[in-house]
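**Student:**
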Amino acid sequence: MWEWISEQTAWMYWTVPTGLAIGGLFFALFCMTVWDVVSPSIPRKGFYPIITRRGDRFFIGIMSAIFIFLVWLGIAGGSMLLIPTFLAVAWGLIQGRWG
C-alpha cells in the first residue's frame, strides 16, 4: 500500500512544513466535525451578507488566509512571512466570532 502511494505521489515535492500544514488542516476538519456532532452549530447572520454556520466561517477563513498570503507574496515576495501569518490568524478569529 505504501509503495503504491509513494509511486502515485512521487511527482509532489513534500516537505515537513507542507506535511504539517496538510495534517493540521485535516486535524482541524476532524475537530470541527466532532464539535458539530457534540454541539450542532446554529445558523446566524454576522457582518457577512449571508447566514453562516461554524463550518462556513471556517471555510471562508481558510480561503481568506490563502488570499492574504497570495497578496502578500505578490507585494512583498517571500520576505517577512510572519506578518501575513498574524494577519490571517487575526482575520480568522474576527470572522469566526463576528462573521
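Under the working numbering, the first residue of the sequence shown is numbered 1441, with each subsequent residue one higher.
No residue lacks a Cβ here, since even glycine has one placed at the ideal position from N, Cα and C.
(1) Does R1537 pass the burial test, meaning 16 or more other C-beta atoms within 10 Å, or should it be called exposed?
(2) Please go through the same chain and pick out, in chain order, the residues whose beta-carbon is closer than 8 Å to the beta-carbon of M1472, but skip the five residues on each side of it.
(3) Please work out which residues of its chain come closer than 8 Å, Cβ to Cβ, to P1483, disregarding the five sequence neighbours upstream and downstream, and give them in chain order.
(4) Can you list, in chain order, the residues of its chain with a C-beta nearer than 7 Å to that of A1505? Leave out the 5 residues immediately preceding and following it.
(5) Straight-line CA distance for K1485 to G1539?
(6) With a Cβ-Cβ cutoff of 8 Å, do I1500 and W1512 count as a contact?
(7) According to DSSP, is T1525 part of a helix, a strand, or is it coil?
**Tutor:** According to the structure shown:
(1) exposed
(2) R1494, G1495 and F1498
(3) I1491, T1492 and R1493
(4) A1528 and G1532
(5) 7 Å
(6) no
(7) helix
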